Amino acid sequence: MPGPGLLPDGWFREESSMWPGQGQGLKVEKVLYDRSTEFQHLTVFESDPKGPWGTVMTLDGAIQFTDYDEFVYHEMLANLSLTCHHKPERVLVIGGGDGGVVREVLRHKSEEDRIVQSIDLVDIDGEVVEQSKLHFPQIACGFANPCVTAIVGDGAAFVKNAPDSTYDVVIIDTTDPEGPASKLFGAAFYKDVRRILRPRGIVCNQGESVWLHRPLIEKMMGFLKEDIGFASVKYAMIYTPTYPCGSIGTLICATSPDTDVTVPMRPVESLGFADKLKYYSSDMHKAAFVLPRFAAHLNE
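In the numbering used here, each residue carries its 1-based index in the sequence shown increased by 24.
Structure, rendered in structure tokens:
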């Protein structure tokens, strides 16, 4: 039986209880992979070549990324966090088995002023990693780098067992809070994340859509500040065409009151690779925290 969203008429339609009563569709040219893994249903398909989207990955019927627009989300998660840290030597990525965030973090790898020394990635579903290497080599290219350690396992358990003060930056690139990623949206998980951060540490996550999930965002911002004790918690908007309502967001958390996450501490234009980016810039960094009036209270 075809996976969720694959229709008999040759289209893929994305629907979810996370955005009830709405959906979006892409015409399918060819299904490349369509199976249930131990944790979720993974589908990879080529979209209509007349359109711009290219190859698409979905999990449980929700679009994760397309060839055409994947750079937006991956560039923003990596650079919003790393440019706000003075010396991000050790980076942890939870989720992100496609490799897109790792690819972008590697732009900060040690040479001249690029100072990342090691990247640990932990994803619960090894099949996501393998299918990304096979069908999205331009995204998964960073896995071959010797400073990257990819671990197939439970991200929450990994963080719980990690030593104190291990990482400078933690990037949490999860699916939606249904299924295997649900525990990665809770206070208990973030308490462990806070513990394994070094002084002046930064956390960046997949923060859902301000159009659809404002109560969840408000709840998370509340416990991150009040219960976990982050000195600063801000929401940044990211415009991605194939995500519901065309947008997603990220919560950027800092342990130090001296860190202003809304302004890059190390502007990407001074790091030697700004011309290789297609979405992120220092201007986009600052603009991402300017929210529409209905959501402006999140960053006040």
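Each residue gets a CB set at the ideal place from its N, CA and C atoms; glycine is no exception.
Everything numeric in this text was worked out from a predicted model, so none of it was measured.
Among the options, which residue has its Cα nearest to the Cα of residue i?
i      : options                         : result
Ile118 : Trp77, Ala164 and Ala181        : Ala181
Leu30  : Leu66, Met42 and Glu62          : Leu66
Leu107 : Pro170, Ile276 and Lys243       : The question names Leu, yet the displayed sequence has Thr at residue 107. Per the Cα distances, Ile276.
His132 : Cys171, Thr90, Tyr267 and Pro76 : Cys171
Thr173 : Leu158, Asn185 and Val153       : Val153
Phe209 : Thr190, Ser105 and Ile241       : Ile241
Phe36  : Val52, Trp43 and Val140         : Val52
Pro73  : Tyr92, Gln88 and Ile87          : Tyr92
Ser60  : Ala255, Asp149 and Arg238       : Asp149
Ser256 : Ile163, Met308 and Ile226       : Ile226
Following the continuous alpha helix (DSSP H) through residue i, name the residue where it begins and the one where it ends.
i      : result
Leu56  : No alpha helix (DSSP H) holds Leu56; the beta strand (DSSP E) holding it covers Gln48 to Ser60.
His309 : Ser306 to Ala312
Ser105 : Glu94 to Leu106
Phe213 : Ala211 to Ile220
Leu248 : Arg238 to Glu250
Checking the sheet assignment: what are the DSSP bridge partners for residue i?
i      : result
Asn229 : Ile196
Phe89  : Met81
With a Cβ-Cβ cutoff of 9 Å, do residue i and residue j count as a contact?
i      : j      : result
Ile195 : Val115 : yes
Gly247 : Ala211 : In the sequence under discussion, the amino acid at residue 247 is Phe, which differs from the Gly named in the question. Result yes, Cβ atoms of Phe247 and Ala211 sit closer than 9 Å.
Lys310 : Phe95  : no
Ala102 : Val125 : yes
Lys184 : Asp216 : yes
Leu56  : Phe69  : yes
Where does the unbroken beta strand (DSSP E) through residue i begin, and where does it stop?
i      : result
His65  : His65 to Ser71
Lys258 : Ser256 to Tyr263
Ala174 : Val172 to Val176
May I have the straight-line CA-CA distance separating residue i from residue j, to the nearest angstrom?
i      : j      : result
Phe318 : Met244 : 18 Å
Leu221 : Thr274 : 18 Å
Val146 : Cys228 : 15 Å
Ile175 : Gly123 : 12 Å
Glu113 : Leu104 : 16 Å
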